[in-house]
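Peer 1:
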Amino acid sequence: MNVSLRQYQDLLASYLWPQRGRVALLAVFILGNTGLLLVTPQILRSFIDTAQTGQGFTTLVTLALLFGGVALGQQVVSVLATYFTERVAWTATNALRADLARHCLGLDMSFHHEHTPGEMIERVDGDVNNLGNFLSTFTVQIVGSCLLLVGILVLLYREEWRAGLGFTLFVLLSVTVLVRLRNISVPYWRARSEVRANMFGFLEERLTGTEDIRAANAQPYVLRRFYELTREWMSKEMRAGLAIGVFWNTNETIWAVGSAASLALGAYLFLDEAITLGTVYMLFHYATMVVQPISRLTQELEQLQHASASILRLGELLHTRSTILDGAGVAYPAGALSVEFDNVTFGYHREQTVLQDISFRLAPGRTLGLLGRTGSGKTSLTRLVCRLYDPQDGTIRLGGQDIRHSTLPDLRDRIGMVTQNVQLFHGTVRDNLTLFDPDISDERLREVTAELGLGSWYAALPDGLDTLLAQDSGLSAGEAQLLAFARVFLRPAGLVILDEASSRLDRGTERLIERALDRLAADRTVIVIAHRLTTVQRVDEIMILEDGFIQEHGDRQRLASDPRTRFHGLLRTGLEEVLA
Ligand SMILES: Nc1ncnc2c1ncn2[C@@H]1O[C@H](COP(=O)(O)OP(=O)(O)OP(=O)(O)O)[C@@H](O)[C@H]1O
Ligand SMILES: [Mg+2]
Numbered sequence: 008m009n010v011s012l013r014q015y016q017d018l019l020a021s022y023l024w025p026q027r028g029r030v031a032l033l034a035v036f037i038l039g040n041t042g043l044l045l046v047t048p049q050i051l052r053s054f055i056d057t058a059q060t061g062q063g064f065t066t067l068v069t070l071a072l073l074f075g076g077v078a079l080g081q082q083v084v085s086v087l088a089t090y091f092t093e094r095v096a097w098t099a100t101n102a103l104r105a106d107l108a109r110h111c112l113g114l115d116m117s118f119h120h121e122h123t124p125g126e127m128i129e130r131v132d133g134d135v136n137n138l139g140n141f142l143s144t145f146t147v148q149i150v151g152s153c154l155l156l157v158g159i160l161v162l163l164y165r166e167e168w169r170a171g172l173g174f175t176l177f178v179l180l181s182v183t184v185l186v187r188l189r190n191i192s193v194p195y196w197r198a199r200s201e202v203r204a205n206m207f208g209f210l211e212e213r214l215t216g217t218e219d220i221r222a223a224n225a226q227p228y229v230l231r232r233f234y235e236l237t238r239e240w241m242s243k244e245m246r247a248g249l250a251i252g253v254f255w256n257t258n259e260t261i262w263a264v265g266s267a268a269s270l271a272l273g274a275y276l277f278l279d280e281a282i283t284l285g286t287v288y289m290l291f292h293y294a295t296m297v298v299q300p301i302s303r304l305t306q307e308l309e310q311l312q313h314a315s316a317s318i319l320r321l322g323e324l325l326h327t328r329s330t331i332l333d334g335a336g337v338a339y340p341a342g343a344l345s346v347e348f349d350n351v352t353f354g355y356h357r358e359q360t361v362l363q364d365i366s367f368r369l370a371p372g373r374t375l376g377l378l379g380r381t382g383s384g385k386t387s388l389t390r391l392v393c394r395l396y397d398p399q400d401g402t403i404r405l406g407g408q409d410i411r412h413s414t415l416p417d418l419r420d421r422i423g424m425v426t427q428n429v430q431l432f433h434g435t436v437r438d439n440l441t442l443f444d445p446d447i448s449d450e451r452l453r454e455v456t457a458e459l460g461l462g463s464w465y466a467a468l469p470d471g472l473d474t475l476l477a478q479d480s481g482l483s484a485g486e487a488q489l490l491a492f493a494r495v496f497l498r499p500a501g502l503v504i505l506d507e508a509s510s511r512l513d514r515g516t517e518r519l520i521e522r523a524l525d526r527l528a529a530d531r532t533v534i535v536i537a538h539r540l541t542t543v544q545r546v547d548e549i550m551i552l553e554d555g556f557i558q559e560h561g562d563r564q565r566l567a568s569d570p571r572t573r574f575h576g577l578l579r580t581g582l583e584e585v586l587a
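The sequence shown runs 8 to 587 under the numbering used here.
Written as structure tokens, this is what we have:
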């Protein structure tokens, strides 16, 4: 779990350097704060010593005013330091969050299948938060505390070497004790967070599964596990609480011992006539000041460990590279685009083949109906066309150009994909149509919906384009697909891919989909994974996939009229078998 100095450096350079002005200002405030903290006991010392002489009233008043001024100034500087720390830390971590989010969105689909959304959230939020804490507390707490400690020791050595030596020994001793104690208590804390995480995971799972739990009459078992977990939680929580209690008590004890020792040392030196009474008080004051930075430092050590782990994980994530990269860029012809597969072989993993040696050509403007049993590779084939995955072997051409030569945005701009389960986003109908692009005018949206034959559907929306949609807004799979059709229409797509919803649609929606598909097919190439006989009957060509192979491909009418073909057989015996 070691983080190289280089990783810290890279991170600090990337995210702190751009705001170096602010960081410099922050350094000034931290230095100022420390300086003012150090100067306060000196003023008090002069005050006591002057007061002892019984004269110099004006000096006393000046010193009192100075003390007030310094105390006030220190508060102001400390607030400014806090403000700038938060500002610096948040600016840096927000930039990092944005970079990570962009990076994750660009990573291959295979990466996202291997890593759960929860894990991504933990990286982009949890780890970055750790890092933010590190950036903010590190600067103020660690740097500030170290400065303060060193400052106090330097001042004391200057004053009286025996005092300096005594304090140095005290600091070393307390650091050792506190670090030891901290290390003892850490496992208890870790056990506590583990049991908490288990508890919340358990609750989440059971709450989402509440329907099944009730139906299966499993409440007693769930409750039993719940009791077990709470009992475990209690014991872990109590031990952790005890550990932290011991830690704080030791802190207090050290404080008391330190103060007493400083008074004893002061008394001894005073009797030795080495120092004045004011200096005795100053020693005592410094002793009370020294404990805080020590305990802070030991606390921050743990933060540092968290941050190191986070930096490692973030570094790993940022170094994960996409294998699907932009090509040099090609110019696609306007209008419908041809699709060509040339000996394409593909599998999601090395050992498994989902598509085997697929070759076919679909001329511009033609519509292809893709049939095949579930798991035969239909969806996978369409994913390859827009490079959600790259095939292991073979070439795919769109509009006559190898798709690997195109840039990804160009390629995906020219392909309109309507998936089986269209994802609706929490937002208005407008947002869902434009995918949050504010440049698309309402006028254009109305045109598109009318053109797709969705005028009446659109008119029935309660708030028009402002109607709010949610992930489960009651829109049927078919209606969601209609929305996705409109998305396709808004882009210069030359190829449309439709993975028909396999669920049953009501007759009205089905007719709207057919009409919309006809409009789209008018000047585009279309591949449709058909689940309905009516759709099958509208396409020009039929291709049947079986276990990753092309079993049959040809002109629909020709296949239908030839009794030896599989398609002919399917039409006769019913398509249910393959259109499930
Ligand atoms: N993301 C994935 N990772 C690994 N394997 C996958 C992935 N998606 C699909 N598969 C596997 O690839 C094979 C082909 O799946 P695909 O989704 O292409 O079939 P399909 O013909 O579209 O089926 P359906 O009619 O059920 O939609 C199946 O064996 C499936 O389990
Ligand atoms: Mg599928």
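Ideal Cβ positions, reconstructed from N, Cα and C, are used throughout, including at glycine.
Mind checking threonine 3: buried by the 16 CB within 10 Å criterion, or exposed?
Peer 2: The structure shown does not extend to residue 3, since the chain is modelled only from 8 to 587, so the question has no answer here.
Peer 1: Reducing DSSP to helix, strand and coil, say where glycine 423 ends up.
Peer 2: Reduced to three states, the DSSP call for glycine 423 is strand.
Peer 1: Which of the three DSSP states, helix, strand or coil, is assigned to asparagine 350?
Peer 2: Note: asparagine 350 maps to strand in three-state DSSP.
Peer 1: DSSP state of leucine 369, grouped into three classes?
Peer 2: It is a strand residue.
Peer 1: Just reading off the beta strand (DSSP E) that glycine 285 is part of, what are its end residues?
Peer 2: Not the beta strand (DSSP E): glycine 285 falls in the alpha helix (DSSP H), residues 284 to 326.
Peer 1: So, are the CB atoms of leucine 577 and isoleucine 551 less than 9 Å apart?
Peer 2: Cβ atoms of leucine 577 and isoleucine 551: closer than 9 Å.
Peer 1: Cα separation between threonine 60 and leucine 284?
Peer 2: Roughly 11 Å between the two C-alpha positions.
Peer 1: Tell me the start and end of each unbroken beta strand (DSSP E) in the stretch 393 to 462 that is at least 3 residues and wholly inside, in chain order.
Peer 2: Listed in chain order, they are 400 to 405, 422 to 425.
Peer 1: For ligand 1, which residues count as neighbours when the test is a C-beta closer than 6 Å to any heavy atom?
Peer 2: Those residues, listed in chain order, are His120, Tyr355, Val361, Gly379, Thr381, Gly382, Ser383, Gly384, Lys385, Thr386, Ser387.
Peer 1: Nearest by alpha-carbon distance to alanine 274: which of Glu507, Ala314, Met289 is it?
Peer 2: Cα-wise, what sits closest to alanine 274 is Met289.
Peer 1: What's the gap between the Cα of leucine 321 and the Cα of arginine 411?
Peer 2: Their backbone Cα atoms lie some 29 Å apart in a straight line.
Peer 1: Look at threonine 257 and leucine 185 and say whether their C-beta atoms are less than 9 Å apart.
Peer 2: A contact, by the Cβ cut-off of 9 Å.
Peer 1: Extract the residue ranges of the alpha helix (DSSP H) inside the stretch 484 to 566, only unbroken runs of 4 or more that lie entirely within it.
Peer 2: Qualifying alpha helix (DSSP H) stretches, in chain order: 484 to 496, 514 to 529, 540 to 543.
Peer 1: Let me confirm a value: serine 608 is counted as buried when at least 16 other C-beta atoms fall within 10 Å, else exposed. Which label applies?
Peer 2: Since the first and last residues shown for the chain are 8 and 587, residue 608 lies out of range.
Peer 1: Helix, strand or coil: how does DSSP classify glycine 379 here?
Peer 2: Residue state, collapsed to three classes: strand.
Peer 1: What I want to know is whether the C-beta of glutamine 26 ends up closer than 8 Å to one or more non-hydrogen atoms of ligand 2.
Peer 2: Flag unset: Cβ of glutamine 26 not near ligand 2.
Peer 1: CA-CA distance, valine 298 and valine 178?
Peer 2: Each residue's alpha carbon lies about 8 Å from the other.
Peer 1: Please list, in chain order, all residues of the same chain as serine 53 whose beta carbon is under 7 Å from its beta carbon, the five residues on each side excluded.
Peer 2: These residues qualify, in order along the chain: Leu70, Gly285.
Peer 1: Taking a contact to mean a Cβ-Cβ separation below 9 Å, would you say arginine 232 touches leucine 344 in this structure?
Peer 2: Not closer than 9 Å, so no.
Peer 1: Does ligand 2 have even one heavy atom less than 8 Å from the beta-carbon of aspartate 554?
Peer 2: Aspartate 554 Cβ: outside cutoff for every heavy atom of ligand 2.
Peer 1: By the three-class DSSP mapping on this structure, what secondary structure does glutamine 82 have?
Peer 2: If DSSP states are grouped into helix, strand and coil, glutamine 82 belongs with the helices.
Peer 1: I'd like to confirm something about isoleucine 220: is its beta-carbon nearer than 8 Å to some heavy atom of ligand 2, or not?
Peer 2: Every heavy atom of ligand 2 is 8 Å or more from the Cβ of isoleucine 220, so no.
Peer 1: Counting C-beta neighbours from all protein chains within 10 Å, is the total for proline 570 16 or more, i.e. buried, or is it exposed?
Peer 2: It is exposed - the Cβ of proline 570 has fewer than 16 other Cβ atoms within 10 Å.
Peer 1: Assess contact between the stretch 357 to 367 and the stretch 528 to 537, defined as three or more Cβ pairs (one per stretch) separated by less than 8 Å. Is contact present?
Peer 2: In short, these stretches do not touch, since the Cβ pair count stays below three.
Peer 1: Under 7 Å Cβ to Cβ from valine 229, same chain only, skipping five residues before and after it: list those, please.
Peer 2: Taken in chain order, the residues that qualify are Arg213, Ile220.
Peer 1: Specify, as a first and last residue, the run of the alpha helix (DSSP H) that phenylalanine 574 falls within.
Peer 2: Phenylalanine 574 -> alpha helix (DSSP H) spans 573 to 580.
Peer 1: Sorry if obvious, but does the Cβ on glutamine 427 come closer than 8 Å to a heavy atom of ligand 2?
Peer 2: Within the cutoff, so yes.
Peer 1: Using the Cα positions of alanine 198 and lysine 243, report the straight-line distance between them to the nearest angstrom.
Peer 2: In a straight line, the C-alpha of alanine 198 is about 7 Å away from that of lysine 243.
Peer 1: For methionine 296, which option in Gly28, Arg573, Leu45 has the closest C-alpha, if you only look at C-alpha atoms?
Peer 2: Closest option to methionine 296, Cα to Cα, is Leu45.
Peer 1: Quick one: Cα of methionine 8 to Cα of glycine 372, how far?
Peer 2: The pLDDT assigned to methionine 8 is 45, lower than 50, so where the model puts this residue is not dependable; a value taken from the coordinates is nonetheless given after this. Rounded to the nearest angstrom, the two C-alpha atoms are 57 Å apart.
Peer 1: Regarding aspartate 349 and ligand 2, is the C-beta to nearest heavy atom distance less than 8 Å?
Peer 2: For ligand 2, not one heavy atom lies less than 8 Å from the Cβ of aspartate 349.
Peer 1: Let me confirm a value: arginine 390 is counted as buried when at least 16 other C-beta atoms fall within 10 Å, else exposed. Which label applies?
Peer 2: Buried, by the Cβ-count rule.
Peer 1: Nearest-angstrom Cα distance between glutamate 309 and histidine 326?
Peer 2: Taking the straight line joining both Cα atoms gives about 26 Å.
Peer 1: Determine the closest residue to glycine 485 out of Thr41, Arg565, Ser510, His122, with distance taken between C-alpha atoms.
Peer 2: Comparing Cα positions, the closest option is Ser510.
Peer 1: Within a Cβ cutoff of 6 Å, which residues of the same chain sit near serine 181, ignoring the five residues on either side of it in sequence?
Peer 2: Once the five neighbours on either side are set aside, the close Cβ partners of serine 181 are Ile261, Ile301.
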